[in-house]
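See structure below.
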Amino acid sequence: MVQAINQALSQNMEKDDSVILLGEDVGVDGGVFRVTDGLLSKFGPERVLDTPLVELGIVGMGIGMAVNGLRPVVEIQFQDFIYTAMDQIINQAAKIRYRSGGEYIAPIIIRTPYGGGIRGGLYHSQSGESYFVHTAGLIVATPSGPYDAKGLLNSAFKASDPIIFLEPKRLYRSIKEEVPEDMYTVPLGKAKLANSGDDLSIITYGSMVSTVLDTVKKNKINADVLDLRTLLPLDVEAILATVEKTGRVIIVHEAPRTLGMGAEISALIAERRIDYLQAPILRVTGPDSPFPYKMEDYYIPNEKRIMKAVAKILEYR
Amino acid sequence: MVQAINQALSQNMEKDDSVILLGEDVGVDGGVFRVTDGLLSKFGPERVLDTPLVELGIVGMGIGMAVNGLRPVVEIQFQDFIYTAMDQIINQAAKIRYRSGGEYIAPIIIRTPYGGGIRGGLYHSQSGESYFVHTAGLIVATPSGPYDAKGLLNSAFKASDPIIFLEPKRLYRSIKEEVPEDMYTVPLGKAKLANSGDDLSIITYGSMVSTVLDTVKKNKINADVLDLRTLLPLDVEAILATVEKTGRVIIVHEAPRTLGMGAEISALIAERRIDYLQAPILRVTGPDSPFPYKMEDYYIPNEKRIMKAVAKILEYR
Amino acid sequence: MAEITSQEEKQKLVKAYTAMVLSRTLDKKIVNAQRQGRVGFYTPTMGQEALQIGAAMALDEQDLIYGYYRDVPLMISRGVPMDLIINQIMGNSADIAKGRQMPSHYGSRKHNFMSVQSPVATNLPLAVGAAYSLKYRKKKGVVLTTFGEGSTSTPDFHAAMNLASVYELPVIFLCENNGWAISLPVEKQTRVDIWSKAAAYGMPGIRANGNDILETYEAVKAAVKRAREGKGPTLIDAISFRMGPHSTSDDPTKYRSESVPEGSEKDPLTIAEGTLKALKLMDDKMIENIKQKTIKIVDDKFDECEKIPPPDPITAFEQVYSEQTWMLKEEVGDIL
Amino acid sequence: MAEITSQEEKQKLVKAYTAMVLSRTLDKKIVNAQRQGRVGFYTPTMGQEALQIGAAMALDEQDLIYGYYRDVPLMISRGVPMDLIINQIMGNSADIAKGRQMPSHYGSRKHNFMSVQSPVATNLPLAVGAAYSLKYRKKKGVVLTTFGEGSTSTPDFHAAMNLASVYELPVIFLCENNGWAISLPVEKQTRVDIWSKAAAYGMPGIRANGNDILETYEAVKAAVKRAREGKGPTLIDAISFRMGPHSTSDDPTKYRSESVPEGSEKDPLTIAEGTLKALKLMDDKMIENIKQKTIKIVDDKFDECEKIPPPDPITAFEQVYSEQTWMLKEEVGDIL
Ligand SMILES: Cc1ncc(C[n+]2csc(CCOP(=O)(O)OP(=O)(O)O)c2C)c(N)n1
Ligand SMILES: Cc1ncc(C[n+]2csc(CCOP(=O)(O)OP(=O)(O)O)c2C)c(N)n1
Ligand SMILES: [Mg+2]
Ligand SMILES: [Mg+2]
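Residue numbers (my numbering), protein chains in the order written: chain A, 849 to 1165; chain B, 849 to 1165; chain C, 1483 to 1818; chain D, 1483 to 1818.
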């Protein structure tokens, strides 16, 4: 996935000289995950900025660039470190169009690795998508593999709204996929049915998609697996379609359960398709605690926990 | 409610000299809403600090005080301005106990007015409770009137976890209630059945409680009205009990719908009491947009919108 | 008193004074209207006219402004029509932002004046990004960003100052140092002079008497020159005084006794009038004449704007995104 | 070279050198163990021993430390037992925090060393609050807080410096200036010397050669004295060099060519050894002897700690609150 994102960045920079990258260690070092490797030497220090250590500043500066016709891509080294910039994201990026009557817009892309799986402990493993998804004015997208990563990022470059682009860091090097050379797009706001089945629906995204697919395959579960791809705005039609089809729903994510994405998805279903439900809507998620270092395998939803939920929901009534 | 909070602060300061107030304009000026009026002259400048303009700093400084045996109460002038301090709240306050194996704790109280109703526009009206409720390690409480305000705050002073105390600013001067002189407590984590009825359940909190109660009374609706009082952790038993009783649920809050509290409550019900439900779970909330100045009456849920939902849910099937 | 000699600058000064009178008159009009319940809220600018208008004198049209909620004089002197400001304050249907923002939160792309937010100093990092864009595109514009002295304590001030300096960007940081952050005097905000903070970022810091239009003009002119020459940012500490309350919700008698009454010798208008008279550009009669005419103009414009109907409620829920989300469509359907 | 004369200080210096050797030896041990896959991650401290241990020499036991992830030598010199550190790095069941935190994130209340977080400089505002508590309670302790030079760009640095100064608090801000923030050299982080930033807050800023234990000691001693006398905070810029990579995940050859090899004249250990020899407190043989003995001690302790079993998984979900929430109880029931 690292290469796919690198390619998307590189191709968009080639195509459009208003694209500027900024972030800590994104230049000479090529990013701590090597996502921006080689871009400094290709595009020079005016387009690839190794910034001082100030998330709030680089996000704010990025917004200022976006307002003035550039297409900044800000990298936050770990999503866990984005919170000092929350005010810039919530009160500036997400509200500029609204407050200025559309006179100013802020098409910034904020890329950041998120989630666990690299033994990063509580400050290098967070899945903070809820903080962004609750913020009207933002678009929040997250790929589940290299193909979508490039395609969604290409779409992000065409959008005119601020975008939080969450990269499941666990997948950076673990998932291999064919990625076309051309600048194809994967549309924002559209989920993907990653597996088709009749008995139940598993709704998920990001790093959990492959875990769910593996589980389903290995255990021969006849399930719809919906990869959301965009978390804000959600693809409600795709969600409702799978509910109508199976009547049994599990939502899987790494983020803590309380007000995690599962809450919103569950609520959307409970207010629209209650009559289709043949079982409770279950959530298999990270627990409501910080993310532990040593015991991370217990934190992240795994086959065992998904299968427990599957069994429960299939047996229901 | 202003006097009730003032009294709770004053009495706790009298009782315990480790209680320190800090915030912008909380001293000489007595706070922009006059909540801390008179406390500087009563307790002196070492205990009531008029701070420089830096939310992140005063929250961080408060955490440091709390870690070292004081009982700081930090006022954030408007909840809308808390976001630069999110990192201190999420990564420090909420995680100190956990990361230090319990050796250090941070019993800080962060008070802040929130919500609309004073024609404050998009930067003086936000209801950001979701950002805190998604953060394990915090307690989040919000009163619906003077009695609870004092009682919950008294409980907060006894707790040893960091507490976000959200004060519905619209109620500061609009709701009158008898408030006992003594230091009674209202327990954290317990909801209150504010009205008892059989036909449906309306779950709400903060500024919406009085709106819901007025609506129910005026329209002679036979409804349970549950005032959550604490948003994290939620009183799941009280929520489930009312669902079991009525089978029809509406959740009302001012915050935007997507990943607002309604999402979590709905999800809790959909995963535990699906068989009791006789109708969809409806949410009557602020829309997924910033909060407007001139048209705020359209933003905040009102009688008309609540009654629309009531009608829909009572007619269902 | 700073010196001006060229005919062009003298003309500028006359224009600037007219803008000062207009700002002052409009300010008083709005404050009065607020007392009468005709306006919801307002942050008076009285006392800060000279520094804002002096700064504007040093700018060109293509220069960008990232200002704050106390910048009505700055807008006026940029040529922003009065009705744009009044419509914003009324939040009526002619307002650019359709009444979405509280009064005092104006903006106008046409005048290169970024729409104002409430969280203080958060415009500063944006100004830095704006300056980066200008530099990257090799344009000759500069960015002026304004904020109160209280705002120098914020994270955003620190971030913006350092970034502007590291990238040598054409930004002028104009601190409107009125001595107070609501109730907190500057001495309790920080232990040093604001201008001296510039050194921590390796940029020049200039102190100017913000009540004297020419002194601020000179200071900003020097900073603009530096910026246009590619030498980077400057911090200007324009020392002034907030003649009114912090806002129409504020009662300054709770926390301060000092005052600068209108027409007193520290009033920036008084100082400007002295300068104009010394330069023989105006006499008392002309001044009085301008003031009287302005009252009428402002009154008329205000009445006119007041008649404009409120925005359609539906507009309160538009322009959140380039396209309205399905949630919002649904929610608005439910609301209206 | 700074001067020390008293017998007590000489003894301190010998102890300090022993701590330096222990830190260095432990550091190398952990780095090696990491290469062998026995440790998950680590941020080496090699090169920063002198400044940390010099600082510790100036403190009393009751003083509080708010350090960061590169402070193993500081802990060692505070008397933190080696196994506490190794157990943290192993994340085993003997670790105070039960393996919840990544390696390099230690803490020990007994030693007044606050548990370390990852987001840089966010310990600084806490240090200020801690200092407020000391002052409020009229205790004579001071607070030492450490951070890298890269961290001076953060919001937290600005906030903490200003607040400490406004309230005249007993805090020593010790910048461990190793010249690099991962791949960013200090020249690109900011345009001025770190010590000079102190002036923006009205506090003294002292530059010290951080590779020389006595120079840092003197600087911190002066700051501690000032703090104990109630005169407020000081910023110390201890200039050093990161001899190793940023962390075990980092490859510094990608971005820098300079190096300070072990044993070279800039190595803080070499400098300390020179001082000891000049003061006739040690000779080469004694030094070699200490080094050899230390290797053995470290090896043994490391092996011993490595045998300690991992924590019970259940502990990963405890101590989130004073009492476990019902959600977490339920979730843990589902997980285990
Ligand atoms: C981040 C933030 N915190 C608090 C406030 C509330 N507030 C509004 S104005 C103000 C004082 C600002 O003082 P200063 O920067 O000196 O500007 P002035 O109003 O004096 O022009 C405060 C605290 C705010 N708008 N933003
Ligand atoms: C707020 C924040 N942003 C980014 C990071 C990622 N990061 C870890 S260390 C580091 C560089 C810190 O440099 P410096 O402050 O000089 O300390 P040093 O590591 O050199 O001792 C960065 C960017 C972080 N830990 N916290
Ligand atoms: Mg001010
Ligand atoms: Mg460094």
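Where is the CB? At the ideal position from N, CA and C, for every residue including glycine.
Secondary structure note for Thr1636(D): it is in no alpha helix (DSSP H), with a DSSP letter that is neither H nor E. The continuous stretches of alpha helix (DSSP H) do not include Lys1040(B), which lies in the beta strand (DSSP E) extending over residues 1040-1043. Beyond the five residues adjoining it in sequence on each side, Ser1044(B) comes within less than 7 angstroms, by CB distance, of Asp1072 in the same chain, given in chain order.
For Asn1771(D), the CB stays at least 6 angstroms from every heavy atom of ligand 2.
The beta-bridge partner set that DSSP reports for Ser1590(D) consists of Phe1595(D). Spanning the alpha carbons of Phe891(A) and Ser1729(D) requires a straight line of approximately 28 angstroms. Listed along the chain, the chain B residues whose CB falls inside 8 angstroms of the CB of Leu1645(D) are Thr899, Pro900, Val902, Gly905, Ile906, Met909.
Contacts with chain C at 7 angstroms (Cβ-Cβ) do not include Asp1047(B). Taking the C-beta atoms as reference points, Thr932(A) is found nearer than 7 angstroms to Glu903(A). Three or more beta-carbon pairs drawn from the segment 970-989 of chain A and the segment 920-932 of chain A are found closer than 8 angstroms, and the two stretches are therefore classed as touching. Contact residues of the segment 1569-1590 of chain C toward chain A are Asp1577, Ile1578, Ala1579, Lys1580, Arg1582, Gln1583, His1587, Gly1589, Ser1590 (C-beta to C-beta distance below 9 angstroms).
Take Gly875(B), set aside five residues on each side of it, and the residues of its chain with a beta-carbon closer than 6 angstroms to its own are Leu888, Val896, Asp898, in chain order. For secondary structure counted as the beta strand (DSSP E) over 3 or more consecutive residues, the segment 1670-1754 of chain C holds these complete runs in sequence order: 1687-1691, 1716-1721. In the displayed model, Ala954(A) falls within coil according to three-state DSSP, outside both helix and strand. The C-alpha of Thr1527(C) lies about 15 angstroms from the C-alpha of Glu1631(C). Chain B has a Cβ within less than 7 angstroms of the Cβ of Gly1611(D). Counted as a single uninterrupted DSSP element, the beta strand (DSSP E) harbouring Asp898(A) occupies residues 896-898. Counting of Cβ neighbours within 10 angstroms places Ser1741(C) among the exposed residues, the total staying below 16. Sequence-distant partners of Thr1063(A) (beyond 5 residues in either direction) whose C-beta falls short of 6 angstroms from its own C-beta, in its chain, are Glu1151, Ile1154. Of the candidates Lys1736(D), Arg1710(D), Asn1693(D), Glu1747(D), the residue whose Cα lies closest to the Cα of Ile1721(D) is Asn1693(D).
Counting the other Cβ atoms within 10 Å of the Cβ of Asp1577(D) gives 16 or more, which makes it buried. For ligand 4, a non-hydrogen atom lies closer than 6 angstroms to the CB of Ala1663(D). Non-local C-beta neighbours of Ile1098(B) in its own chain, meaning closer than 8 angstroms and more than five positions away in sequence, comprise Leu1048, Ser1049, Ile1050, Ile1051, Ile1129, Leu1130, Arg1131, Val1132, Ile1154, Ala1157, Val1158, Ile1161, ordered along the chain. Think of a sphere of 8 angstroms around the beta carbon of His1101(A): no beta carbon from chain B falls inside it, the nearest being about 12 angstroms out. Contacts with chain D at 7 angstroms (Cβ-Cβ) do not include Asp935(A). Bounds of any alpha helix (DSSP H) do not take in Asp873(A), whose DSSP letter is neither H nor E.
A straight-line Cα-Cα distance of about 41 angstroms links Lys1620(D) and Thr1776(D).
Here the segment 1652-1671 of chain C lies against the segment 1530-1544 of chain C, with 3 or more beta-carbon pairs under 8 angstroms apart. The Cβ-Cβ distance between Leu1645(D) and Val1610(D) falls below 7 angstroms. The shortest CA-to-CA distance from Arg1724(C) to any of Leu1717(C), Asp1732(C), Gly1815(C) is the one to Asp1732(C). Annotation for Tyr1548(D): no alpha helix (DSSP H) segment contains it, though the beta strand (DSSP E) segment containing it runs 1546-1548. Of all residues in the segment 1669-1684 of chain D, the ones placed with a Cβ closer than 9 angstroms to any Cβ belonging to chain C are Lys1670, Gln1671, Thr1672, Arg1673, Val1674, Ser1678, Lys1679, Ala1680, Ala1681, Ala1682, Tyr1683, Gly1684, in chain order. Within the same chain, Cβ atoms closer than 7 angstroms to the Cβ of Val1554(D) are found at Ser1505, Leu1508, Asp1509, Thr1527, Ile1567, the five residues on either side in sequence being excluded. The alpha carbon of Glu1085(B) has as its nearest neighbour, out of Gly1095(B), Lys1038(B), Val1034(B), the alpha carbon of Lys1038(B). Within a 10 Å sphere around the beta-carbon of Ser1590(C) sit 16 or more other beta-carbons, which makes this residue buried.
Cβ neighbours of Pro955(B) within its own chain (closer than 6 angstroms, five residues either side excluded): Ala914, Ser1008.
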